[in-house]
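Engineer:
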Ligand code: PAF
């Protein structure tokens with residue numbers, strides 16, 4: 145596996161792949177890799193001739209009071225996992241490679257999809273994501289790019305600007321990977337104490353309760369959201385940030401679930417903010 149640190153290195157790598165007529169798959173990550181990321185790598189490996197992973201903790205998607213400095217950086221361990229997953233190259237730039245002095249261009253998706261759910265609490269977050277992902281798609285020359293459903297809003301935003309900017313890449317959304325007891329895999333799970341980890345199981349439990357009600361015919365959005373809130377309220381360590389149920393993928397409000405919908409939650413367990421979601425399919 146090649147390690148590419150700079151913009152000229154990744155450009156040379158992808159030009160060689162393109163000259164050889166190979167298809168390129170990109171898996172953007174911020175490192176601290178877990179089984180969820182590795183599932184993305186495997187999906188890329190199965191579909192593309194060349195797989196490029198990026199490991200870059202992107203400063204512009206963190207707010208001033210968020211965990212940028214504290215975000216786990218485990219590059220050596222990440223490389224072992226990427227190599228084992230058959231990744232061909234990892235792009236691991238420094239912030240100054242991506243945002244050199246004088247940098248002043250950002251991709252700003254306008255409209256509702258960036259202001260609700262995680263966007264409401266994290267102003268500027270999706271501007272940072274859209275900017276870095278656009279740069280990574282351009283640099284890697286990706287034909288296919290892979291993102292996890294855990295960040296379903298991110299997938300919606302990425303698909304929006306890819307379509308709006310006519311970027312010639314296909315965006316794949318890969319289902320959430322969970323720990324055996326149901327907690328969605330996340331780089332932030334490592335912040336949880338054992339007691340918090342047990343408490344965090346309430347996220348998926350609450351979503352499953354809503355899914356059971358949906359499967360039994362409940363279509364009222366307020367009632368489905370209340371089922372989630374009631375279950376979350378049973379866990380004293382859980383502090384709700386949001387419980388949202390919107391049309392998927394438009395994220396438009398939905399009083400009655402009569403089309404595919406995203407039931408998404410963000411909950412603080414101690415100091416750690418966790419997100420999870422399920423898609424309710426209208427049949
Ligand atoms: O999902 C993430 O880890 C990040 O938002 C991404 C897509 C790698 C952009 O920095």
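Residue numbers (the working numbering): 145 to 427. Beta carbons: idealized from backbone N, C-alpha and C, even for Gly.
Tell me which residue opens and which closes the beta strand (DSSP E) that residue 314 is part of.
Structural biologist: Run containing residue 314: 314–318, per the beta strand (DSSP E) assignment.
Engineer: As a quick check of your reading: which residues have a C-beta less than 6 Å from at least one non-hydrogen atom of the ligand PAF, in chain order?
Structural biologist: Checking every Cβ against the heavy atoms of the ligand PAF under 6 Å gives 172, 173, 174, 202, 205, 273, 276, 277, 295, 298.
Engineer: Less than 9 Å separating the beta-carbons of residue 339 and residue 381?
Structural biologist: Their beta carbons are under 9 Å apart, which means residue 339 touches residue 381 by this criterion.
Engineer: Report the three-state DSSP secondary structure of residue 206 (helix, strand or coil).
Structural biologist: Note: residue 206 maps to coil in three-state DSSP.
Engineer: Check for me: the alpha helix (DSSP H) holding residue 382 runs from which residue to which?
Structural biologist: Element bounds for residue 382: not the alpha helix (DSSP H) but the beta strand (DSSP E), 382–391.
Engineer: Here's the rule I'm using: 16 or more other beta-carbon atoms within 10 Å means buried, otherwise exposed. How should residue 284 be labelled?
Structural biologist: Classification of residue 284: buried, given that the 10 Å Cβ count is 16 or more.
Engineer: Can you have a look at residue 198 and say buried or exposed, based on whether 16 or more other CB atoms are within 10 angstroms of its CB?
Structural biologist: Counting Cβ neighbours within 10 Å, residue 198 comes out buried, since at least 16 surround it.
Engineer: DSSP puts residue 355 in a beta bridge; with which residues?
Structural biologist: None; residue 355 has no bridge partner.
Engineer: Over what stretch of residues does the beta strand (DSSP E) that includes residue 253 continue unbroken?
Structural biologist: Here residue 253 belongs to no beta strand (DSSP E), and DSSP marks it neither H nor E.
Engineer: Under the DSSP definition of a beta bridge, which residues are partnered with residue 268?
Structural biologist: In DSSP, residue 268 forms no bridge with anything.
Engineer: For residue 293, does the three-state DSSP call read helix, strand or coil?
Structural biologist: Helix.
Engineer: Does the Cβ-Cβ distance between residue 194 and residue 185 come in under 9 Å?
Structural biologist: No; because the gap between Cβ atoms is not below 9 Å, this pair is not in contact.
Engineer: Excluding the 5 residues preceding and the 5 following residue 349 in the sequence, name in chain order all residues of the same chain whose CB lies nearer than 8 Å to its CB.
Structural biologist: Cβ within range, chain order: 326, 375.
Engineer: Is there contact here, the region 199–219 with the region 161–181, by at least three beta-carbon pairs under 8 Å?
Structural biologist: Touching, per the Cβ criterion.
Engineer: Suppose contacts are defined by Cβ-Cβ distances below 9 Å. Is residue 395 in contact with residue 256 by that definition?
Structural biologist: A contact, by the Cβ cut-off of 9 Å.
Engineer: Taking residue 332 and residue 321 to be in contact with their CB atoms under 8 Å, please state how far apart those CB atoms are, rounded to whole angstroms.
Structural biologist: Going by Cβ atoms, the distance from residue 332 to residue 321 rounds to 14 Å, so no, they are not a contact pair.
Engineer: For residue 414 and residue 319, I'd like the C-alpha separation in whole angstroms.
Structural biologist: Rounded to the nearest angstrom, the two C-alpha atoms are 27 Å apart.
Engineer: For residue 269 and residue 362, I'd like the C-alpha separation in whole angstroms.
Structural biologist: Looking at the two C-alpha atoms, the distance is approximately 34 Å.
Engineer: So, with DSSP's three-state summary, where would you put residue 377?
Structural biologist: In this structure, residue 377 counts as helix in the three-state DSSP scheme.
Engineer: Who are residue 146's beta bridge partners in DSSP?
Structural biologist: The partner list for residue 146 (beta bridge, DSSP) reads 233.
Engineer: Does the distance from the CB of residue 412 to the CB of residue 372 come in under 9 Å?
Structural biologist: It is not a contact, given that the beta carbons lie outside the stated cut-off.
Engineer: If you draw a straight line from the C-alpha of residue 165 to the C-alpha of residue 356, how long is it?
Structural biologist: Taking the straight line from one Cα to the other gives about 48 Å.
Engineer: What number of angstroms, rounded off, separates the C-alpha of residue 316 from the C-alpha of residue 260?
Structural biologist: Going by the C-alpha atoms only, they are around 22 Å apart.
Engineer: Whole-angstrom Cβ separation of residue 346 and residue 379, contact assumed at under 8 Å?
Structural biologist: Residue 346 to residue 379, Cβ: 4 Å. Contact.
Engineer: Please report the straight-line C-alpha distance between residue 182 and residue 352, rounded to a whole angstrom.
Structural biologist: Distance between the alpha carbons of residue 182 and residue 352: 25 Å.
Engineer: Just to confirm, are residue 369 and residue 387 a CB contact at a threshold of 9 Å?
Structural biologist: Yes.
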